[in-house]
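Working notes for the structure below.
2 protein chains.
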Amino acid sequence: MSASPVPEPTGALDAPDAPGRGPDPRAERSRAAALAAARDLLVEQGWSAVTHVAVAARSGVGRSTLYRHWPDASGLVRDVIAQRISTARVPLTGVLREDLVHQLDGLRHLLHDPVSDRGLRAVIERAGVDPVFARLKEDLYRHGSQDFRTILEAARTRGELAPDLDVDLAVDQLAGPLMYRRLLAGRPVTEEYARRVVDDFLAAHAPRGTVRDGGRDTPADEHPLVP
Amino acid sequence: MSASPVPEPTGALDAPDAPGRGPDPRAERSRAAALAAARDLLVEQGWSAVTHVAVAARSGVGRSTLYRHWPDASGLVRDVIAQRISTARVPLTGVLREDLVHQLDGLRHLLHDPVSDRGLRAVIERAGVDPVFARLKEDLYRHGSQDFRTILEAARTRGELAPDLDVDLAVDQLAGPLMYRRLLAGRPVTEEYARRVVDDFLAAHAPRGTVRDGGRDTPADEHPLVP
DNA sequence: GAGATTCGGAACAGTCTGTCTCATAAATTC
DNA sequence: GAATTTATGAGACAGACTGTTCCGAATCTC
């Protein structure tokens, strides 16, 4: 149960700094070209368009080479998604409201990025049928919700949230609205929107004299994970 | 822009009691058989498995007949979903908390029904690419969120919710957590869970001396729509 | 019962899948 | 720098799916 959402772009090595030989640059090149083409196809036409033939045609990489690297198309799509999503995490400040806003803002960016948006939808649709996507979904979910849990549990310990707070429910209440709005309603998620979700959450869960501070501008740039 | 999410299960009648000739029973039979097979395929293997060949093999209906009824597979899947989802709506009582709980319980049932669950995922994934699904998504969303809006706006008028309540946001906050929990986290949504989402929502938005009543048992059976 | 309609089967060319083989080109090793 | 190892891309292949067309047979409507 590796914690990493990237089960290796394909044949990557577990040893970070291998002794003698690095990976063959030819393989590296064809893999990169294939992933780029697959990414475009995913964005433009969804996961079902990411076929070996289509990727070969678009990338110039030979069909047999693709089959060599990715025996089935699911793995290719998985690598595209994993590659995009396994980036930086938002640093935590220890200030509850601020951290939550940052997290949601990261999710916001994720939902507005074409690749991760399509990737997320593919995962949601495919996880029930394709084991590759099922595992990817689990990794994404675990990785993405980890920071939320950390933040909430710390705040609970500090007494800023009720001791009996249901952390799972809380994550749903924070991330759910954004996902729902984006994936189903198909409307944009603004920074202001994310802030209001956090404030409403705090209004419901922060004990007494609350943190509620309406107007701060809290720009955020980093992209965390799918929560 | 028809308000109905069902662009006719295919040849359904808008006139409940048509005058002279009803639809040909032969067509009706083959259509029903095809839809049943398509439904099973959708549940078992996702929308991409709902092909004319597969449906023909499973239902016994001839391939040419299928193409005659549904020129492309998207329409078939759409009809499967529309047929399942366009059922009853939850009656409204006028009591805010009760109505919200009922609505969420309907959504809960929807998310736990194999057909609508798969259908919803298919719609989410496919809407960005396939116009048929795009339109279906819009219909489902509009139809599903309508009751929420009605309930919330009525409560706002009665003064049970803040006059400046953002209804769109509110719908997201109510339906979002359930969807998120089910579609991404892949965990069950209990009746208790739905109740807590409503109570937390009210805790954040109900003006002063709130409705908060922790323990009532509010069983609900009807299935409304995807909100 | 007679005419109209719908049915299922078969045949078709075109495309995609997944697997092989093979000569070529590039990288690594000595 | 030469020899060896390794990855590449092209082509051939059987099998499956698509979308269309044609047809005789079964069924329904009037």
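Residue numbers (the UniProt record's numbering), protein chains in the order written: chain A, 1 to 227; chain B, 1 to 227.
C-beta: ideal position from N, C-alpha, C; glycine also.
Asked: Note down, in chain order, each residue of its chain lying with its Cβ closer than 8 angstroms to the Cβ of residue 128 of chain B, except the 5 sequence neighbours on either side.; Found: 134
Asked: Cβ closer than 7 angstroms: which chain B residues qualify as neighbours of residue 129 of chain A?; Found: 45, 46
Asked: Determine, using beta carbons only, whether residue 72 of chain A and residue 204 of chain B come nearer to each other than 7 angstroms.; Found: no
Asked: For a test of the three-state rule: what should DSSP assign to residue 164 of chain A, helix, strand or coil?; Found: coil
Asked: Any residues in the stretch 171-183 of chain A with a beta carbon nearer than 7 angstroms to a beta carbon of chain B? Which ones, in chain order?; Found: 172, 173, 175, 176, 177, 179, 180, 181, 183
Asked: Just by C-beta distance, which residues in the stretch 72-91 of chain A are closer than 9 angstroms to chain B?; Found: none
Asked: Using the Cα positions of residue 216 of chain A and residue 79 of chain B, report the straight-line distance between them to the nearest angstrom.; Found: Below a pLDDT of 50, predicted positions are generally treated as unreliable, and residue 216 of chain A, at 40, falls in that range; no measurement from the model is reported.
Asked: Note down, in chain order, every chain B residue with its Cβ under 7 angstroms from the Cβ of residue 124 of chain A.; Found: 121, 124, 125, 183, 184
Asked: Is it right to say residue 74 of chain A is buried, meaning 16 or more other beta carbons lie within 10 angstroms of its own, or is it exposed?; Found: buried
Asked: Helix, strand or coil, according to DSSP, for residue 35 of chain B in the structure here?; Found: helix
Asked: For a test of the three-state rule: what should DSSP assign to residue 60 of chain A, helix, strand or coil?; Found: coil
Asked: Return the CA-CA distance between residue 126 of chain A and residue 182 of chain B, expressed in angstroms with no decimal places.; Found: 14 angstroms
Asked: Take the Cβ of residue 77 of chain A as the centre, count every other Cβ of all protein chains shown within 10 Å, and call the residue buried at 16 or more, exposed below.; Found: buried
Asked: So, is residue 173 of chain A buried or exposed, given that buried needs 16 or more other C-beta atoms within 10 angstroms?; Found: buried
Asked: Between residue 32 of chain B and chain A, is the shortest Cβ-Cβ distance under 7 angstroms, so that the two count as touching?; Found: no
Asked: Only counting the same chain, and skipping five residues up and downstream in sequence, which positions put a Cβ closer than 8 angstroms to that of residue 153 of chain A?; Found: 167
Asked: Can you confirm whether residue 200 of chain A, when its beta carbon is compared against all beta carbons of chain B, has any partner nearer than 7 angstroms?; Found: yes
Asked: Quick check on the burial criterion: 16 or more other C-beta atoms within 10 angstroms. Buried or exposed for residue 67 of chain B?; Found: exposed
Asked: Quick one: which unbroken alpha helix (DSSP H) runs of 4-plus residues sit fully inside the stretch 56-124 of chain A? Chain order, please.; Found: 63-69, 73-85, 96-112
Asked: Does DSSP put residue 130 of chain A in a helix, in a strand, or in coil?; Found: coil
Asked: Look at the alpha carbon of residue 186 of chain B and the alpha carbon of residue 138 of chain A, and state the distance between them as a whole number of angstroms.; Found: 9 angstroms
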